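*Asks:* Structure incoming, see below.
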Amino acid sequence: MGFTEWRFACLALLGWARFGLAADAPADDEDRNIGAPAIVSVSAAAPGHEISRMLTGFNVLFCWQTRDLWADGRAAQWLKSAGTGLLRYPGGEVTDYFHWETPYYPGWKDAWETDPAHRHYFDPAEARKNIGTYLAPEDFIALCREIGAQPMLGANLESGLAYGRLDDSIAEAVRWARHARELGWGVKYWFIGNETYHHGAHVRATSAEYGEYVRRFGEALKAADPGIRIVANWQANSFNAGTMAQWRTIVETAGEFIDVADVHWYWNWGKVRFSNWLEQNPIGRRNQWYQGGSFVEEIAKFREEMKKLGRSDIELAALEWNVGPTEFEPLSAFQCMLIQAEHLQQFIEGGLDMACFWPMSFDPARAAETNDFHAREFIYRDEQGRYQPRPALEAFRLYAPALGTRFVAAKSSIAALPSIAALDEAGGVLRLYAINKSMLPRTARFEIEGFAASKAAARAIVSENPNSNECQVRPLEAQLESAAVSIDLPALSVATIELN
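Just so we're aligned: 119 in numbering that gives the first Met the number 0 is position 120 of the sequence shown, and the numbers increase by one with no gaps anywhere.
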C-alpha cells in the first residue's frame, strides 16, 4: 500500500466514529478478510440487454430550476456531461397545480382557485410578476434541445378533480399536446398526474379511479398526437401482492392507453443513515414499512407480472428517485453520491427503461421550511449565490459512457463490492464498475471471459473526508493480465476500469 492509499485508509478509519461504530467492528464479516482480493467474474462473452439512454434523466421544476440557473450555460453543460437523455417537466407533485397557459403561478398555487382565503390561491396580478423568472414551457423545450434530451410533459389531473373540472383538465392537456405537435417540440412521453395515491396529493384517487383517468387522458392525448406514449404513476413501495393488485387494476382499466409504468424510489425514506447503506447489500425497497427486494429484484417482479397480463410491452420507469430525507443526522453530499451511484448501478443491471433524479436542486427557501437535507440534490447554490454541482455529477459522468451499450453481468465474491460491466461492441471497449462499500481499501481482481484487452485505464471517485460535501476523481493503477485486471480500490469509492 502506497502513502496515498495509507492516507485514505487512515481517514476512512477515523470516520467510523461518525456512525457510532468501532473501527474493529466491520459492517460485515467480509471485511475481516479485507486483505484478500475480491474476485469479480465478468461474462463479456454473453452480453445482455441494451442499457437505456434515458436512465440519467432529471426532473425540471419550473419554479425551482428557474431561468437564472441556465443563464450562463454551465448547468446545461453539467447535464450534457452526465449523459442526460430525459427531462421531466413541470416537475413532480407541482404538476397537479400547473397550468401551461399561465406558467407563472408559484409552485403549489393553482390558477383555478378563486377563493383568496384558500391556501392554493395566489393573486393573478402578483403571479404575472414571475413572467421571465420561472422556466416556461418554451424555455424547457429550448433546454432539452441544447442538452439533447427527450422532453417529457405532465398533464395536470388533480386540479380537474379538486374543482370538479375534469373535462377542462383533459381539454387543457389536449391543447398543450396539439401546441407541442404544431411547434415540432418532439414530445414523446406524457405523464398523467403525480402520486395521486399519496396523502399529500392535491386530490387522492383509488387505483380503479386512476386507471379510468389514465384511460380518458390517454385516449384524448393520443387522438391529438398519435405518436405519443402515456405514463401512469402509482405506488412507490415494493411490488408486493397488494401493490401488484393495484397495478393490475390500473393496467386493465387503462387498457391500450398505458405505455409506461412509473414508480418513485427513494431509498430508506425518513430513516436514512449512512451505516444502513454500509450494512444493506444490496440496497433496495427494505425499510420501516415493507420488506421488498433490491431494485434489480423489484424490476424483475414487475416484468413478470406484466408478462402474466399479456402486457410485456409496458416499460418501467422511476421518474423520481434519490436518497430519501431523514429524521437523523443528514448525510454529506459525498455519502449521498455513494448511495446514488448504487441506485444507478442497479437500474443499469435491472434493465430499467427510464429514470429521473429528484430534485435537480432545491428551492433555497425550502431549507427553513422543512427538515430535509439538501446534500442529496444535484446542483446547489453556494454562499456567493453561484450555482455549483454536487458530487452526484461525478457519479453520473462515470456511468454515462455505459448508456446505449450492452449490459454485462459481473458477479462479485463480496456483497459489499457491487459490480457491473458494459460492453461497447462497436467501439471495442469493456467498462467495469465497482462500488467499495467499505471503510477500508480493497483489492479487486476482475476475471474476464470473452474479451481480450490490451490496454486498461482506471479512475475512482473518492473523498479525503467522507463526511464532507466534496469529492475528487483520481486515476488508479490497473494491473492487466491476459484474462484479468486488478486494482486497489480506495475506501468508500466508486470506480471504473476501461478496457480496450
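Ideal Cβ placement from N, Cα and C applies to all residues, glycine included.
Remember, predicted model here, so these are calculated numbers, not experimental data.
#1: Would you check if there are 3 or more beta carbon pairs closer than 8 Å linking the segment 210-225 to the segment 112-120?
#2: Starting from E314, trace the beta strand (DSSP E) both ways and give me its first and last residue.
#3: In angstroms with no decimal places, state the Cα-to-Cα distance between T495 and E326.
#4: If we ignore side chains and look at the alpha-carbon of each, how far apart do W357 and L498 end up?
#5: What's the call for H48, buried or exposed, on a 16-neighbour Cβ count within 10 Å?
#6: In or out: I434 buried (at least 16 other Cβ within 10 Å) or exposed?
#7: Measure the CB-CB distance between V230 and Y196 and report whether it falls below 8 Å.
#8: Just to confirm my understanding: we take D503, look at its own chain, exclude 5 residues before and 5 after, and list those with CB closer than 6 Å. What are they?
#9: Going by other Cβ atoms of all chains shown within 10 Å of its Cβ, with 16 needed for buried, is E469 buried or exposed?
#10: How would you call D23, buried or exposed, if buried means at least 16 neighbouring beta carbons within 10 angstroms?
#11: Report back the beta-carbon spacing between P489 and V472 to the nearest angstrom; my notes put them in contact at under 8 Å.
#12: Drop a sphere of 10 angstroms on the beta-carbon of G192, count the other beta-carbons inside from all chains shown, and report buried for 16 or more, exposed for fewer.
#13: Alpha carbons only, please: which of E328, A223, K306 and Q234 is nearest the one belonging to E181?
#14: Among the candidates D122, R177, P150 and Y212, whose CA atom is the shortest distance from the CA of S158?
#15: What did DSSP end up calling Y96 once you bin it into helix, strand or coil?
#16: Kindly indicate which three-state DSSP category L308 falls into: helix, strand or coil?
#17: Give every residue of the same chain whose Cβ lies closer than 6 Å to the Cβ of T3, excluding the five residues on either side of it in the sequence, and list them in chain order.
#18: Between which two residues does the beta strand (DSSP E) carrying F139 extend?
#19: Use the C-beta contact count for S51: other C-beta atoms within 10 angstroms, 16 or more gives buried, fewer gives exposed.
#20: If you draw a straight line from the C-alpha of I38 to the C-alpha of L397, how long is it?
#21: My parser needs the beta strand (DSSP E) runs of 3 or more residues fully inside the segment 140-196; what are they?
#22: So what's V202 in DSSP terms, helix, strand or just coil?
#23: Going by C-alpha distance, which of W63, A456 and T442 is nearest V428?
#24: Let me make sure I understand the geometry here. Which of P390, T55 and R174 has the alpha-carbon closest to that of H98?
#25: Could you give the distance in angstroms between the alpha-carbon of T242 and the alpha-carbon of A483?
#26: Can you find a heavy atom of the ligand MN that lies under 7 Å from the Cβ of L330?
#27: Does the Cβ of Q334 have 16 or more other Cβ atoms within 10 Å, making it buried, or fewer, making it exposed?
#28: With distances taken between CB atoms, is the gap from R228 to V259 smaller than 8 Å?
#29: Using alpha carbons as the reference points, say which of S42, G147 and G72 lies closest to G82.
#30: Give the straight-line distance between the Cα atoms of A332 and V407, rounded to the nearest whole angstrom.
#31: So for P89, helix, strand or coil by DSSP?
#32: If you follow the beta strand (DSSP E) that T495 is in, where does it begin and where does it stop?
#33: Assuming the contact rule is C-beta atoms closer than 8 Å, G84 and G106 should be a hit. Round their C-beta distance to whole Å, please.
#34: What span of residues does the alpha helix (DSSP H) with S80 cover, start to end?
#35: In whole angstroms, give me the CA-to-CA distance for A35 and A354.
#36: I'd like the span of the alpha helix (DSSP H) that includes N275, first residue to last.
*Replies:* Looking at the coordinates:
#1: In short, these stretches do not touch, since the Cβ pair count stays below three.
#2: E314 to V322
#3: One alpha carbon belongs to T495, the other to E326, and they sit about 33 Å apart.
#4: 32 Å
#5: exposed
#6: buried
#7: no
#8: No information on residue 503 is available, as it lies outside the stretch 0 to 499 that the chain covers here.
#9: Counting other Cβ atoms within 10 Å of its Cβ, E469 stays below 16 and is therefore classed as exposed.
#10: Bear in mind that the predicted position of D23 carries a pLDDT of just 33, short of 50, making it too unreliable to give a figure here.
#11: That belief does not hold up - the Cβ atoms of P489 and V472 are roughly 11 Å apart, past 8 Å.
#12: buried
#13: Distances from the alpha-carbon of E181 to those of E328, A223, K306 and Q234 put A223 closest.
#14: Y212
#15: In the structure shown, Y96 falls within a helical segment according to DSSP collapsed to helix, strand and coil.
#16: coil
#17: Residue placement at T3 is flagged as unreliable, the pLDDT there being 42, under the threshold of 50; the coordinate-derived value follows with that caveat. If we look at T3 and ignore the five residues flanking it on each side, it has no Cβ neighbours.
#18: Where F139 is concerned, there is no enclosing beta strand (DSSP E), although the alpha helix (DSSP H) it sits in stretches over P136 to I146.
#19: By the 10 Å Cβ count, S51 comes out buried.
#20: Distance between the alpha carbons of I38 and L397 is about 22 Å.
#21: 149-154 and 188-191
#22: The three-state secondary structure of V202, taken from DSSP, is coil.
#23: A456
#24: R174
#25: 43 Å
#26: In terms of ligand content, the structure shown is empty, and the ligand MN therefore cannot be addressed.
#27: buried
#28: yes
#29: G147
#30: 29 Å
#31: coil
#32: S492 to L498
#33: At roughly 25 Å, the Cβ-Cβ gap does not stay under 8 Å, so G84 and G106 are not in contact.
#34: R73 to S80
#35: 36 Å
#36: F273 to E278
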